[in-house]
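Protein chains in written order, with our numbering: chain G, 352 to 466; chain C, 255 to 368.
Written out as structure tokens, the structure is:
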């Protein structure tokens, strides 16, 4: 297994367009997370799944954002009617939960630029 | 809202020097993690600390978790150019017995000059 895979690596779009990102987690991991990171900031939590169930969404995730994880495997993050403020690195991470702590494995991210 | 403060925000040193970066919070964490991130890549986990007062070593890196589990430090001995990167701390909270939703600090951007 080669780790968490995210596609595309880069996306340039015009304001108002819809975009969709894909994340393929490590196969045996049951948890999948989406984070957003802007320049000079640490990653900010957006949402997470346990298997196919979306268990929490951050207030950062407006109704223009939707995430899915059908069949508990890969996940997609869609942004509708993109705005310039959506420009950021979108990071996906997966983990295999344990009672004491989690080890998150991050993908390389999708860098979104909204013009 | 739990916040993590990291200091310094930027650090530029010469190869061979020692350095310490800090991570502080007003909240108690069930565990704390340190990550290293290179430009254009996702963060990579370095270590997880769980017990107050815990010290872990990873080659030239020493991680310490405060006794009250509200702060942590990362010390690098004899820094090398390959240590250059963004060092992020991230805290987890015990919510119903399940740790999730890591809260990240803004990071310390370390540059080690040859």
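Where a beta carbon is used, it is the ideal one built from N, C-alpha and C, also for glycine. In this text the structure is predicted, and so the values were computed from the model without any measurement.
Skipping 5 residues on each side, what residues in its chain have a beta carbon closer than 7 Å to that of residue i?
i, result
"residue 415/G", "430, 431, 432"
"residue 408/G", "398"
"residue 341/C", "275, 288, 290, 328, 361, 362, 364"
"residue 321/C", "306, 307"
"residue 421/G", "403"
"residue 366/G", "433, 434, 435, 465, 466"
"residue 316/C", "309, 329"
"residue 339/C", "290, 291, 292, 364"
"residue 454/G", "446"
"residue 351/C", "Caution is warranted here: a pLDDT of 46 is assigned to residue 351/C, below 50, making its placement in the model unreliable, and the coordinate value is therefore given only provisionally. Nothing meets the Cβ criterion."
"residue 412/G", "397, 398"
"residue 482/G", "Summary: the structure shown does not reach residue 482/G, with chain G confined to residues 352 through 466, and so no result is reported for it."
Pull up the CB-CB distance for residue i and residue j, whole angstroms please, since I reckon it's below 8 Å.
i, j, result
"residue 444/G", "residue 456/G", "6 Å"
"residue 356/C", "residue 396/G", "7 Å"
"residue 466/G", "residue 363/G", "7 Å"
"residue 281/C", "residue 304/C", "Contact flag wrong, Cβ pair sits at about 15 Å."
"residue 393/G", "residue 358/C", "3 Å"
"residue 357/G", "residue 423/G", "Between residue 423/G and residue 357/G the Cβ distance is about 18 Å, and since that is not below 8 Å, they are no contact."
"residue 277/C", "residue 337/C", "Between residue 337/C and residue 277/C the Cβ distance is about 17 Å, and since that is not below 8 Å, they are no contact."
Whose C-beta lies closer than 6 Å to the C-beta of residue i among residues of the same chain, with five residues either side of it excluded?
i, result
"residue 371/G", "427, 429"
"residue 368/G", "433"
"residue 361/G", "462"
"residue 331/C", "272, 314"
"residue 318/C", "309, 327"
"residue 297/C", "289, 291, 342"
Can you tell me where the beta strand (DSSP E) with residue i in it begins and where it stops?
i, result
"residue 310/C", "309-312"
"residue 367/C", "362-367"
"residue 361/G", "361-364"
"residue 381/G", "From DSSP, residue 381/G is part of no beta strand (DSSP E); its letter is neither H nor E."
"residue 284/C", "Run containing residue 284/C: none; DSSP gives neither H nor E here."
"residue 465/G", "461-465"
"residue 326/C", "325-330"
"residue 405/G", "404-408"
"residue 265/C", "264-268"
"residue 278/C", "273-279"
"residue 442/G", "439-446"
"residue 398/G", "395-401"
From the DSSP secondary-structure annotation, give me the bridge partner or partners of residue i.
i, result
"residue 300/C", "DSSP, once it has assigned bridges, lists no residue as partnering residue 300/C."
"residue 291/C", "340/C"
"residue 357/G", "374/G"
"residue 318/C", "309/C, 327/C"
"residue 429/G", "371/G, 417/G"
"residue 258/C", "279/C"
"residue 357/C", "345/C"
"residue 388/G", "440/G"
If we define contact as Cβ-Cβ less than 8 Å, is residue i a contact residue for chain B?
i, result
"residue 356/C", "In the displayed structure, chain B is absent; the protein chains listed are G and C."
Residues in the same chain with beta-carbon distance under 8 Å from residue i, minus the five sequence neighbours each way, listed in chain order, please.
i, result
"residue 267/C", "273, 333, 364, 365, 366, 367"
"residue 353/C", "Confidence is the limiting factor: at residue 353/C the pLDDT is only 49, short of 50, which leaves the residue's position unreliable, though a coordinate-based value still follows. Closer than 8 Å at the Cβ level, and outside the excluded window around residue 353/C, lie 284, 285, 346, 347."
"residue 354/G", "377, 456, 458"
"residue 301/C", "287, 288, 310, 312, 315, 317"
Is residue i near the ligand SAH, judged by its Cβ being under 7 Å from some heavy atom?
i, result
"residue 263/C", "By its list of ligands, the structure shown contains no ligand whatsoever, and the ligand SAH lies outside what it can speak to."
Select from the segment 304-338 of chain C all residues with a C-beta closer than 8 Å to any C-beta belonging to chain G, and list them in chain order. 304
What residues in the segment 382-405 of chain G have a beta carbon less than 9 Å from any beta carbon of chain C? 382, 384, 386, 388, 391, 392, 393, 394, 395, 396, 399, 401
Residues within the segment 289-300 of chain C neighbouring chain G, beta-carbon criterion of under 9 Å: Within the segment 289-300 of chain C, the residues whose Cβ lies closer than 9 Å to some Cβ of chain G are 289, 291, 294, 295, 296, 297, 298, 299, listed in chain order.
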